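185 is the number that UniProt numbering gives to position 185 of the sequence shown; each next residue is one higher, with no gaps.
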Amino acid sequence: MERHWIARWALVLFLLGGIQLPLVAQTPPVLIDTNLPSGNLSQAYRYTFQVVGGTAPFSWSVSNGNLPSGLSLDGTSGRLEGTPSATTVATFTVQVQDSNGQTASRTFNLIVTTSGFQLQPTAAELVLLQGRTASLQLQVIGQPQTNNPIGFSLLSALPAGVVASFEPALLSGGDSNVNFVAAADTSAAAGVYPLRVSGVSPPDSQYASFNLIVRPPPPEIAGFSPPGGLPGTSVTVRGTQLQTATAVTIGGLRAPFTASGPNQLQLSVPRGARTGRIVVVTPAGSATSATDFLVPTFALSLQPGVATAQPGSQVLLKLVATGQVNNLVNLNVINLPDSWSAQFNPNYLDSQHRQANLLLQVPATSPLGNAAITVSAGIVQAAATVQVLTAPPRLTRLFPVQGPPGTVITLSGQNFQPGLRLRLGALELPIFSISSNRVQAQLPDGVASGRIQLVNPDGQTVSTSTVFAVLPRTGPPVLPPP
């Protein structure tokens, strides 16, 4: 065991002594400033030198020459500031040293005159949304020494998809401000871009720096439908920049949703939701609906859900509210068929009246078929179907009441419709003649005793009260009537 440990330590010492780790090359610092803005006597001056490369932190110093009277260089930030107290043309060398001892230096001339101007942005950053335009005002403080206009230019590269201009491009006379106007297309990359601009009126030159921040635009909600609904209701939200939504709330409660395009969301009203605004949250910001989504405190039902009626008759439906009806709500039928009439009793619901009767008058000219009836109490709705049918068939006589297969039977009654069918058990009887009150048919082979059923084309049925007795055949088949 001891030999194994000795062998292992020997290997470790050999590797540590024999392996040479490569040294990582350090990039030396580089001063990127080339010119300094001129200064004015008794006016505040500030300028921060910029460095690339090297390893922070940096230390700054004046290695040769002298700064103008009243100015000083901060050794930690590289900021040159103060208030010049004498006119001069100062020449001095600024040196920067990084944490590894590497240095860089550059010699500058700084002109301080009794008159001149300063260029100062009104904000430290300009926020530009993709697909939008934004501007930042630059203030010109003071006047140039000469009558030459001030020309403006951008000294930094703009990101792809962004263009910019100065309005006006030349400043003269009594003008004191210029606007830096930037426009981004929808593909411009989001990010922070340091910019530097200049204003030059020979012999004066001034510079200003600020950050251009490109961001995606925040979402906007243009509207939603329906205007309200109970939990489980599907809601369509329309607007812009909705495809990156990370959360949607109704009245502060999260709602499940799916994006159906950049301008539309589908959400479901969650259980427990209350009346409130719809809020869509995205990484670029949030949007709030202009109006509340209404979540009612009650539900409606129409009873029965399916009712039958005849042209020229009346139908009575009952409207029932479940839950809390806190406020008075008026009742309406929102899709009443043509020529129909409707009457509620009472015509409203409230905390004391949670039920109402709906009497429908079906005109004599009403077409046959199904009519969908929808009742609304505010945003809450209930639906029922009214089946408009002809008068049901009636049977008054069956003759004969017994006989073998082949027997011709006659059914008498009322409201027989063309195209009706007759059945005895599982077999359908061949029909020879039909009128509104009489039908004749023949019993087929294989039929069994039972009640004969008449089925009108509208689905209404009636059966004989007498059981037809099928007898054994004792003679030749009976021929159908001529």
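Where a beta carbon is used, it is the ideal one built from N, C-alpha and C, also for glycine. Note that this is a predicted model, so its numbers are computed, not measured.
Beta-carbon within less than 6 Å of residue i's beta-carbon, same chain only, minus the 5 sequence neighbours each way: which residues are those?
i: Pro218; result: Ala284, Gly285
i: Thr374; result: Ile334, Asn335, Gln381, Ala383
i: Ala469; result: Gln402, Ser449
i: Ser366; result: Pro311, Val388
i: Val24; result: Bear in mind that the predicted position of Val24 carries a pLDDT of just 47, short of 50, making it unreliable; the figure below should be weighed with that in mind. The answer is none, since no qualifying residue turns up.
i: Gly199; result: Leu119, Ile150, Phe152, Gln206
i: Leu429; result: Leu422, Ala441
i: Gly223; result: Arg238
i: Gly305; result: Ala384
Could you give the residue range of the beta strand (DSSP E) that holds residue i?
i: Phe108; result: 103-113
i: Val214; result: 204-215
i: Thr385; result: 380-388
i: Phe49; result: Element bounds for Phe49: n/a, residue is neither H nor E.
i: Arg79; result: 79-82
i: Val127; result: 125-129
i: Ser225; result: 220-225
i: Gln118; result: 116-121
i: Ala356; result: 355-361
i: Gln43; result: Per DSSP, Gln43 belongs to no beta strand (DSSP E) and is neither H nor E.
i: Asn345; result: 341-345
Using a Cβ-Cβ cutoff of less than 7 Å, which residues in the same chain neighbour residue i once the five nearest sequence positions on both sides are dropped?
i: Leu21; result: Only weak support exists for where Leu21 lies, its pLDDT of 42 falling under 50; the coordinates are left without a value.
i: Val325; result: Phe298, Leu349, Asp350, Ser351, Arg354
i: Gly276; result: Ile250, Gly251, Gly252, Asp292, Phe293
i: Gly116; result: Ser38, Asn40, Gly142, Pro144, Gln145, Asp204
i: Thr186; result: Gln130, Gly131
i: Gly70; result: Gly82, Thr83, Pro84, Ser85
Residue i bridges to which residues according to DSSP?
i: Trp60; result: Val96
i: Ile150; result: Leu171
i: Val181; result: Ser135, Ser165
i: Asn332; result: Ser376
i: Leu31; result: Val51
i: Leu201; result: At residue 201 the sequence reads Ser, which differs from the Leu that was named. DSSP lists Asp204 as partners of Ser201.
i: Arg196; result: Ser209
i: Ala299; result: Thr322
i: Gln310; result: Paired residue(s): none; Gln310 is not in a bridge.
i: Gly89; result: The question names Gly, but residue 89 in the sequence shown is Val. Answer is Ile111.
i: Ser72; result: Glu81
i: Leu316; result: Leu359
i: Gln143; result: Gly116
i: Asn370; result: Gln387
i: Gly191; result: Val214
i: Leu349; result: Val329
Keeping to the same chain, check which residues put their C-beta closer than 8 Å to that of residue i; ignore five residues upstream and five downstream.
i: Phe92; result: Val62, Asn64, Gly65, Asn66, Leu67, Thr107, Phe108, Leu110
i: Asn462; result: Looking at the sequence provided, one finds Val at residue 462 rather than Asn. Contacts found: Pro392, Pro393, Arg394, Leu395, Gly413, Gln453, Leu454.
i: Gln310; result: Val362, Val388, Leu389, Thr390, Ala391
i: Asn100; result: Gln26, Gly54, Thr55
I want to see whether chain D comes within less than 8 Å of residue i, judged by CB atoms only; does it?
i: Ser172; result: The structure shown contains no chain D, having only a single protein chain.
* Taking only runs that begin and end inside the segment 235-297, name each unbroken alpha helix (DSSP H) of 4 or more residues, in chain order. => none
* Going along the chain, which unbroken runs of the beta strand (DSSP E) with 3 or more residues stay wholly within the UniProt domain "IPT/TIG" (393-468)? -> 394-399, 408-414, 421-424, 431-434, 438-442, 452-455, 461-463
* To do: Assess, as a yes-or-no matter, whether the segment 430-446 is touched by the segment 455-467 under the definition of 3 or more beta carbon pairs within less than 8 Å.
  => no
* Counting pairs of beta carbons, one from the segment 145-153 and one from the segment 201-216, are three or more of them closer than 8 Å? -> Yes: at least three Cβ pairs fall under 8 Å.
* Report yes or no: do the segment 359-370 and the segment 315-328 share at least 3 C-beta pairs separated by less than 8 Å? => yes
* **Cβ pair count under 8 Å reaching 3, the segment 167-184 against the segment 251-258** => no
* Counting Cβ pairs, one atom from each stretch, are 3 or more of them under 8 Å apart for the segment 111-125 and the segment 50-60? -> no
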